[in-house]
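Converting from the sequence shown to this note's numbering requires adding 23 to each position, the first position being numbered 1. To start, the structure itself, in structure tokens.
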Amino acid sequence: MKNLTTAALVCVLLTICSGADWRQFRGPDYANSTTGKLPAEFDSTAGIAWTAELPGRGLSGPIVVGDRIFVTSCTGINQDRLHVLCFDTATGTQLWHRQFWATGLTMTHPKTNTAAPTPASDGERIYALFSTNDVFCLDLDGNLIWLRGLAEQYPNASNSLGLASSPTLVDNTLVVQLETDSESVAVGLDSQRGHTRWQQPRPKQASWTTPTVVQRPNGNQLIALQSATGMTALDPASGQIVWEYAQRCASQPSTASNGSVTFVPSDGLVALRDNGTSPEPEVLWKNNKLAPSTPSPLLRGDRLYVVNKSVLKCGNAIDGELLWQMRLDGTNFTSSPVAAGNYIYVFEESGKATVVEDGGSEGRIVGGGNLNETILCTPAIANNALFVRSDQHLFKISAQ
Numbered sequence: 024m025k026n027l028t029t030a031a032l033v034c035v036l037l038t039i040c041s042g043a044d045w046r047q048f049r050g051p052d053y054a055n056s057t058t059g060k061l062p063a064e065f066d067s068t069a070g071i072a073w074t075a076e077l078p079g080r081g082l083s084g085p086i087v088v089g090d091r092i093f094v095t096s097c098t099g100i101n102q103d104r105l106h107v108l109c110f111d112t113a114t115g116t117q118l119w120h121r122q123f124w125a126t127g128l129t130m131t132h133p134k135t136n137t138a139a140p141t142p143a144s145d146g147e148r149i150y151a152l153f154s155t156n157d158v159f160c161l162d163l164d165g166n167l168i169w170l171r172g173l174a175e176q177y178p179n180a181s182n183s184l185g186l187a188s189s190p191t192l193v194d195n196t197l198v199v200q201l202e203t204d205s206e207s208v209a210v211g212l213d214s215q216r217g218h219t220r221w222q223q224p225r226p227k228q229a230s231w232t233t234p235t236v237v238q239r240p241n242g243n244q245l246i247a248l249q250s251a252t253g254m255t256a257l258d259p260a261s262g263q264i265v266w267e268y269a270q271r272c273a274s275q276p277s278t279a280s281n282g283s284v285t286f287v288p289s290d291g292l293v294a295l296r297d298n299g300t301s302p303e304p305e306v307l308w309k310n311n312k313l314a315p316s317t318p319s320p321l322l323r324g325d326r327l328y329v330v331n332k333s334v335l336k337c338g339n340a341i342d343g344e345l346l347w348q349m350r351l352d353g354t355n356f357t358s359s360p361v362a363a364g365n366y367i368y369v370f371e372e373s374g375k376a377t378v379v380e381d382g383g384s385e386g387r388i389v390g391g392g393n394l395n396e397t398i399l400c401t402p403a404i405a406n407n408a409l410f411v412r413s414d415q416h417l418f419k420i421s422a423q
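Okay, here's the thing in structure tokens:
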């Protein structure tokens, strides 16, 4: 039975597919990984196809839909001017720029800001959430379709550090996770019109994790919510709880998933699978040596990668075995690692990137670069290019 379970997990891990777009935080399949060929080295004179100026700060990652890239920013002394921008992926030309006033609280930790959540897209619309709990739905040309100021309905769902959970789309439901010490709730919004379909109370503990789509054995999708007290999987249409994992989980790095197997940051990393009948998921393995710090795990084929402080670790996604680890150049890492082909890109907060190739039994540094600006976001990969944003600029890194 164990061999059968292992074989099934191998098949799932090896059949992950990646599209050309990068429509959400951590890209296709919530894994931080895609196919494509990117340069191993880049600097101000080589490897950077273009640089576009941004109006203000943001921790949000860029997303890519077709030949357009979207990013959010905030400006103003109080961080109350909210920006959504669109650029041409080929040239870096700004196609449109929309601005809104915040309706919720704008207080954040100095390191972060109100443009912390990464937008999401269904390929036809852009859903931009800000730490102020304002949600804006626009079409790809920047026309406003609807907006919601969730602070009006949930006035205490905020804190002095700021929120960072990104919105997640499941069919026609946009899931927003607001978790603080004073008020916590998960809300399912109708993605077409913006009204509330359901709401689910959450533990009153601060969490900055992003909802993740997981699959049931019958192929139906659930939305998994990670918090400090555990993980809860909901029916995205109704908000009803389907299963719960009631063990401590991390409150910053978010879950990675291949669909049917969920890799949850906790005291280490734990692999969970829904068996279709139990109110609790099956625990496939645990390993406290694979604990990430702030960056979310990277899933690439049958391997997992985590960054803990300045150490990159590689684990076997099938059984949780630690395969190798290596020290990175740098001390502060907030950006989650991403992968294209066999290259893993890890950005330090100073803007310095390390490019690592997985050699099987060890990781090898094969290149890198330095953007010389603060990098806190998770990059996007699409159309054989790496898109990275700082507080001042949006960069396209490409071999072409």
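Backbone N, C-alpha and C define an ideal beta-carbon position, used for all residues, glycine too.
With 16 as the cutoff for other CB atoms within 10 Å, does residue i come out buried or exposed?
i, result
"alanine 180", "buried"
"histidine 106", "buried"
"leucine 292", "buried"
"isoleucine 100", "exposed"
"threonine 98", "buried"
"glutamine 263", "exposed"
"threonine 68", "exposed"
"serine 188", "buried"
"threonine 377", "buried"
"aspartate 342", "exposed"
"leucine 128", "buried"
"proline 234", "buried"
"glycine 338", "buried"
"aspartate 371", "Sequence inspection shows glutamate at residue 371; the aspartate mentioned does not correspond to that position. Buried."
Find the nearest neighbour of residue i within the set the options, judged by alpha-carbon distance.
i, options, result
"threonine 300", "Trp347, Asn241, Ala260 and Thr357", "Asn241"
"serine 413", "Glu396, Ile404, Thr401 and Ala403", "Glu396"
"aspartate 9", "Thr196, Gln228 and Leu197", "Here the chain comprises residues numbered 24 to 423, so residue 9 is not present and cannot be evaluated."
"leucine 346", "Leu245, Thr377, Asn310 and Glu305", "Asn310"
"phenylalanine 177", "Ser183, Arg148, Leu163 and Asn156", "It is tyrosine, not phenylalanine, that sits at residue 177 in the sequence shown. Answer by Cα proximity: Asn156."
"arginine 326", "Ala362, Arg296, Arg350 and Asn195", "Ala362"
"arginine 49", "Val236, Arg271 and Ser373", "Val236"
"alanine 340", "Ala113, Ile168, Val284 and Arg46", "Val284"
"threonine 191", "Gln47, Gln238 and Arg91", "Gln47"
"glycine 390", "Pro226, Leu351 and Phe418", "Leu351"
"proline 51", "Pro226, Ser333 and Gly324", "Gly324"
With a Cβ-Cβ cutoff of 9 Å, do residue i and residue j count as a contact?
i, j, result
"valine 193", "valine 210", "no"
"isoleucine 367", "leucine 313", "no"
"alanine 251", "serine 274", "yes"
"threonine 219", "threonine 278", "no"
"leucine 77", "phenylalanine 93", "no"
"leucine 307", "valine 379", "no"
"alanine 260", "leucine 248", "no"
"leucine 201", "alanine 143", "no"
"asparagine 195", "serine 207", "no"
"aspartate 44", "glycine 146", "yes"
"leucine 394", "lysine 375", "yes"
"threonine 163", "valine 88", "The sequence given here places leucine at residue 163; threonine does not occur at that position. A contact, by the Cβ cut-off of 9 Å."
"glycine 253", "valine 158", "no"
"glycine 353", "serine 384", "no"
"alanine 405", "threonine 112", "yes"
With a threshold of 8 Å on Cβ separation, who are the neighbours of residue i within its own chain once the five nearest residues in sequence on each side are excluded?
i, result
"glycine 185", "Met130, Thr131, His132, Thr135, Asn136, Thr137, Ala139 and Ser154"
"isoleucine 420", "Leu61, Pro62, Phe65, Gly70, Ile71, Ala72, Gly392, Ala408, Leu409, Phe410 and Val411"
"glutamate 305", "Leu295, Arg296, Asp297 and Asn298"
"serine 183", "Met130, Thr131 and His132"
"arginine 271", "Ala251, Thr252, Gly253, Ser289 and Asp290"
Verify the contact flag: residue i, CB atom, against every heavy atom of the ligand HEM, threshold strictly below 8 Å.
i, result
"tyrosine 150", "This structure does not include the ligand HEM; it has no bound ligands of any sort."
For residue i, which residues in the same chain have their Cβ closer than 7 Å to its Cβ, ignoring the five residues on either side in sequence?
i, result
"valine 330", "Pro315, Ser316, Pro318, Phe356, Pro360 and Val369"
"histidine 416", "Thr74, Ala75, Glu76, Leu77 and Glu396"
"glutamate 303", "Trp266, Glu267 and Tyr268"
"threonine 116", "Phe110"
"asparagine 365", "Glu380 and Asp381"
"threonine 114", "Trp73"
"isoleucine 168", "Arg148, Cys160, Leu161 and Asp162"
"aspartate 103", "Trp124, Ala125 and Thr129"
"arginine 239", "Leu245, Asp297 and Gly299"
Looking only at its own chain, which residues have a Cβ that is under 6 Å from the Cβ of residue i, when we skip the five neighbours before and after it?
i, result
"alanine 151", "Thr95, Val107, Pro142 and Phe159"
"methionine 349", "Leu335 and Gly386"
"proline 288", "Ala273, Pro276 and Pro315"
"proline 85", "Ile92, Val94, Ala403, Phe410 and Arg412"
"glutamine 222", "Val208 and Val210"
Open item on the list: I'd like to know if the segment 75-95 and the segment 138-150 are in contact, where contact means that at least 3 CB-CB pairs between them fall below 8 Å.
Closed with: yes
Open item on the list: Using 8 Å as the cut-off, can you tell me whether the segment 169-177 makes contact with the segment 113-122, which would need three or more C-beta pairs spanning the two stretches below that distance?
Closed with: no
- [ ] Pair every Cβ in the segment 314-323 with every Cβ in the segment 352-364, then say whether three or more of these pairs are closer than 8 Å.
- [x] yes
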